[in-house]
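**Q** According to UniProt numbering, the residues represented by the sequence shown are 1 to 600, in order.
Don't be surprised by glycine CBs; every beta carbon is placed ideally from N, CA and C.
Small disclaimer: the values here were computed from a predicted structure and weren't measured.
Okay, here's the structure, questions in a sec.
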Amino acid sequence: MASRTGTQTSPPPKKMAHFPKIESQASESHDFRRVLWTGEHSQLVIMTIPVDGEIGEEVHTVDQHLMFTSGTAKAIVAGEEKTVKEGDLVIVPAGTKHNFINTAKTPLVLYTVYAPAEHATTSVHKSLEEGEKLEEAVARHLSGTAPVDEAPVLFKSEGNTRTYILNRPAALNTLNENMIDMLGAQIKEWNANKLCNLIIGRGNNRAFCAGGDVKDIIMNAATPEKQPEAIRFFKKEFELDFALATLTKPYVSVMDGYTMGGGVGLSIGAPFRIATEASSFAMPEAKIGYSPDVGATYFLPRLDGELGTYLALTSNAISGRTIYEFGLATHFVPQRRLPTLLAALSSLADTSPEAINRTIEEHSADISPEDPSGAFRGERRKVLDACFSYDRVESIIKDLQDVVSSAGSQAQWAQETLDAMLARSPTSLRVALQAVRRGKHKELADALQMEMGVATAFCTGASPDFITGVTHLLVNKQKTRAAWSPDTLEKTPEDITNQFFDQSPYVQRAPRLDLDRTVTPGDKLTRYALPNEATVEAAVKGSLPGSGSFALTPTELISSFERRCGQKAGLKQKIQDIIGELVASKSGYERLLTDAGGNE
1 MASRTGTQTS
11 PPPKKMAHFP
21 KIESQASESH
31 DFRRVLWTGE
41 HSQLVIMTIP
51 VDGEIGEEVH
61 TVDQHLMFTS
71 GTAKAIVAGE
81 EKTVKEGDLV
91 IVPAGTKHNF
101 INTAKTPLVL
111 YTVYAPAEHA
121 TTSVHKSLEE
131 GEKLEEAVAR
141 HLSGTAPVDE
151 APVLFKSEGN
161 TRTYILNRPA
171 ALNTLNENMI
181 DMLGAQIKEW
191 NANKLCNLII
201 GRGNNRAFCA
211 GGDVKDIIMN
221 AATPEKQPEA
231 IRFFKKEFEL
241 DFALATLTKP
251 YVSVMDGYTM
261 GGGVGLSIGA
271 PFRIATEASS
281 FAMPEAKIGY
291 SPDVGATYFL
301 PRLDGELGTY
311 LALTSNAISG
321 RTIYEFGLAT
331 HFVPQRRLPT
341 LLAALSSLAD
351 TSPEAINRTI
361 EEHSADISPE
371 DPSGAFRGER
381 RKVLDACFSY
391 DRVESIIKDL
401 QDVVSSAGSQ
411 AQWAQETLDA
421 MLARSPTSLR
431 VALQAVRRGK
441 HKELADALQM
451 EMGVATAFCT
461 GASPDFITGV
471 THLLVNKQKT
481 RAAWSPDTLE
491 KTPEDITNQF
501 FDQSPYVQRA
511 PRLDLDRTVT
521 PGDKLTRYAL
531 PNEATVEAAV
541 KGSLPGSGSF
551 ALTPTELISS
561 FERRCGQKAG
571 LKQKIQDIIG
581 ELVASKSGYE
591 RLLTDAGGNE
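Spelled out as structure tokens, the structure:
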């Protein structure tokens, strides 16, 4: 049993929180509202109402149990008035209007249990006015989760925060050219506006953005005289993605729901990328006879190991916490906390990156060592990295086939991965692998320009598979394998990729993107995410600034990153996994098996 004294804001889930002599908390707190404890399904808050003060008429979305420990008040609940005093308990059901007015000559003190949690884990409101400001902001966000406006993109201004909301819920917020034009103009204005200090991007309903509206694109690509219109779409889209990735203002992308293809392009450049348990991430281009774009050839090869290659060639989706563990999201926040988080962000006076990160972390999910993590760890991760390390698609497939034949623990996963790849366009597989390998050594602007050439080639006849794939899967909604041409890898020559890169006749038709090539995203991809393997290995070697000596033990290494990253969810597990990979795959790291005490 753990005994807890003083305020507690993020206890381990599913463990007892004990407050000896809880009434002593009242003498310690002079704040209007202070969160003492937040558990998995409930929250304890202390409130101190000054003489002649009141809680303020309000309605909460969760049940409340209010325990009065000092003073006397007039309770007004659902229009009924009653005097309450020290020792009384009042239950207010969710959705019930209520207020409590201090009628004594001393402060009114009460404890409220919310079920589930209602406030951020570290909320402290010095006054009623401060508390009401946040509550009003929460209400605005709650009422704005399903905008009725018909515009495909909504723009909101709250204080120094600007928010865009993708608003085509029936189409999962897929991007069309009109939306790109709207976003491009508004983002440019916000970035130059001195009154804008924070930009937030989110989607309406169950998707952030499920990709580009490719059905219109392939209709244009199928007609030679309209091919320039298809190419123009990609040019505008890639320029918007670059603008978002190089914003001078802090940018938060809320990747709640489907975040795929074009939606990834809008979100991945944000230094703060929020995933929830409802998030689904994919680069599905090979599935429709195309190749990953929107900057994917820049960020996919920068993920740990060969995770990016796997995502590019399989088009498989990952979800929830796995997106966070991959480093594609920087934070993992329960979906139910998003309204409160968005309200807290919109009310920030200090919009420094550190303050924004701290606010998001306060709303992030607690991940304990006992919680199951993503599927891409241990033996599976080892097999994935080995299989997808090659520069030839045939070699990747051969290794996966060998894993299947071994009948080992990863045989089923390897078979499922093979099935996914063999259902994809063989041309797309070759082009995607080449693009990801080339992108590893490019800056974002150059990677996008390369992708512009690839997109132009697919739209102007280098391969029929883009039109075939979109028509088969998205227009006709067929579940079978599309009639790719060529239809097998064996019939698809390796030099087919020449038509999509460098100075092929198809690529020469690609326009030059209007990008400021003097600016780069810097460390936005990794700055606030879980540390990647390269960063941890640099710390082990002592080459990471501030990492200390080479002789760090695992415990010291974890402590070092906790100082750098804070108590980030899943941090310890991620570092332990990386240590395991280093020991298993590279020589010279055996000492990491020994902790500070000298024990194996």
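1) Using a Cβ-Cβ cutoff of less than 7 Å, which residues in the same chain neighbour alanine 423 once the five nearest sequence positions on both sides are dropped?
2) Please identify the residue among Thr96, Tyr310, Ala75 whose C-alpha is closest to the C-alpha of aspartate 88.
3) Please look up how many angstroms separate the CB atoms of isoleucine 558 and lysine 568, rounded, as I've assumed it's under 8 Å.
4) Taking C-alpha atoms, which residue in Pro554, Gly320, Val264, Tyr251 lies nearest to tyrosine 164?
5) Going by CA-CA distance only, name the one from Leu515, Ala529, Thr553 that's closest to leucine 247.
6) Rounded to the nearest angstrom, what separates leucine 530 and threonine 359 at their Cα positions?
7) State buried or exposed for alanine 584, treating a residue as buried only when at least 16 other CB atoms are found within 10 Å of its CB.
8) Assign residue 603 to buried or exposed, taking buried as 16 or more other Cβ atoms, counted over all protein chains shown, within 10 Å of its Cβ.
9) Distance check for alanine 329 and arginine 140, CA to CA, integer angstroms please.
10) Is tryptophan 484 helix, strand or coil by DSSP?
11) Compute the Euclidean distance between the alpha carbons of leucine 36 and glycine 327, then round it to the nearest angstrom.
12) Which of helix, strand or coil does DSSP assign to asparagine 357?
13) CB-CB under 6 Å to glutamine 415, same chain, minus the five flanking residues each way: which ones, in chain order?
14) Nearest by alpha-carbon distance to threonine 106: which of Ser157, Ile91, Pro50, Arg517 is it?
15) Between leucine 433 and leucine 172, what straight-line distance do the alpha-carbon atoms span, to the nearest angstrom?
16) Within this structure, are the beta carbons of asparagine 102 and glycine 56 separated by less than 8 Å?
17) Tell me the residue span of the alpha helix (DSSP H) that contains valine 431.
18) What residue range does the beta strand (DSSP E) around aspartate 63 cover?
19) Would you list the one or two residues that DSSP bridges to threonine 259?
20) Between isoleucine 356 and threonine 460, what straight-line distance do the alpha-carbon atoms span, to the nearest angstrom?
21) With three or more C-beta pairs closer than 8 Å as the rule, is the segment 280-290 touching the segment 452-469?
22) When the Cα atoms are used, what is the spatial distance from valine 383 to arginine 527?
23) Quick check on glycine 203: does DSSP put it in helix, strand or coil?
24) Going by DSSP, what residue range makes up the beta strand (DSSP E) through tyrosine 506?
25) Assign aspartate 213 to one of two classes, buried (16 or more other C-beta atoms within 10 Å of its C-beta) or exposed (fewer than that).
**A** Let me spell this out:
1) Within the sequence shown, residue 423 is the residue found at index 423, counting from 1. Only Arg481 meet the Cβ criterion.
2) In the sequence shown, residue 88 corresponds to position 88, counting from 1. Considering only alpha carbons, the answer is Ala75.
3) Within the sequence shown, numbered from 1, the residue matching residue 558 stands at position 558. Within the sequence shown, numbered from 1, the residue matching residue 568 stands at position 568. Actually they are not in contact, since the Cβ atoms of isoleucine 558 and lysine 568 sit about 11 Å apart, beyond 8 Å.
4) What you label residue 164 is simply residue 164 of the sequence shown in a count that begins at 1. Here the closest residue by C-alpha is Tyr251.
5) Position 247 of the sequence shown, counting from 1, holds the residue named residue 247. Closest by alpha carbon: Leu515.
6) For this step, residue 530 is matched to residue 530 along the sequence shown. For this step, residue 359 is matched to residue 359 along the sequence shown. Looking at the two C-alpha atoms, the distance is approximately 17 Å.
7) In the sequence shown, counting from the first residue as 1, residue 584 sits at position 584. Alanine 584 is exposed by the Cβ-count criterion.
8) Examination of residue 603 is not possible in this model, given that the chain is present from 1 through 600 alone.
9) Position 140 of the sequence shown, counting from 1, holds the residue named residue 140. Position 329 of the sequence shown, counting from 1, holds the residue named residue 329. In this prediction, arginine 140 scores a pLDDT of 44, lower than 50, which makes its location untrustworthy; no coordinate-derived value is stated.
10) The count along the sequence shown starts at 1 and reaches residue 484 at position 484. Coil at tryptophan 484, not helix or strand.
11) Residue 36 sits at position 36 when you count from the first residue of the sequence shown. Residue 327 sits at position 327 when you count from the first residue of the sequence shown. Spanning the two alpha carbons is a distance of roughly 31 Å.
12) Along the sequence shown, read from residue 1 onward, the residue named residue 357 stands at position 357. If DSSP states are grouped into helix, strand and coil, asparagine 357 belongs with the helices.
13) Position 415 of the sequence shown holds residue 415. If we look at glutamine 415 and ignore the five residues flanking it on each side, its Cβ neighbours are Val404.
14) As a working note, residue 106 is residue 106 in the sequence shown. Answer by Cα proximity: Pro50.
15) The residue you call residue 433 lines up with position 433 of the sequence shown. The residue you call residue 172 lines up with position 172 of the sequence shown. Leucine 433 and leucine 172: Cα-Cα distance of roughly 28 Å.
16) Taking the first residue of the sequence shown as 1, we reach residue 102 at position 102. Taking the first residue of the sequence shown as 1, we reach residue 56 at position 56. Not in contact: asparagine 102 and glycine 56 (Cβ atoms no closer than 8 Å).
17) Counting from one through the sequence shown, the residue named residue 431 turns up at place 431. From DSSP, the alpha helix (DSSP H) with valine 431 extends over 426-439.
18) Here the question's residue 63 lines up with position 63 in the sequence shown. Looking at the DSSP string, the run of the beta strand (DSSP E) that includes aspartate 63 is 63-70.
19) Within the sequence shown, numbered from 1, the residue matching residue 259 stands at position 259. Per DSSP, Cys209, Phe281.
20) As a working mapping, residue 356 is identified with position 356 in the sequence shown. As a working mapping, residue 460 is identified with position 460 in the sequence shown. Their Cα atoms are separated by approximately 44 Å.
21) yes
22) As a first step, residue 383 must be located in the sequence shown, where it is residue number 383. As a first step, residue 527 must be located in the sequence shown, where it is residue number 527. Their backbone Cα atoms lie some 28 Å apart in a straight line.
23) Residue numbering aside, residue 203 sits at position 203 when the sequence shown is read from its first letter. Looking at glycine 203 - three-state DSSP - the assignment turns out to be strand.
24) Residue mapping note: residue 506 aligns to position 506 of the sequence shown, counting from 1. Here tyrosine 506 belongs to no beta strand (DSSP E), and DSSP marks it neither H nor E.
25) As a position in the sequence shown, residue 213 is number 213, starting the count at 1. Counting Cβ neighbours within 10 Å, aspartate 213 comes out buried, since at least 16 surround it.
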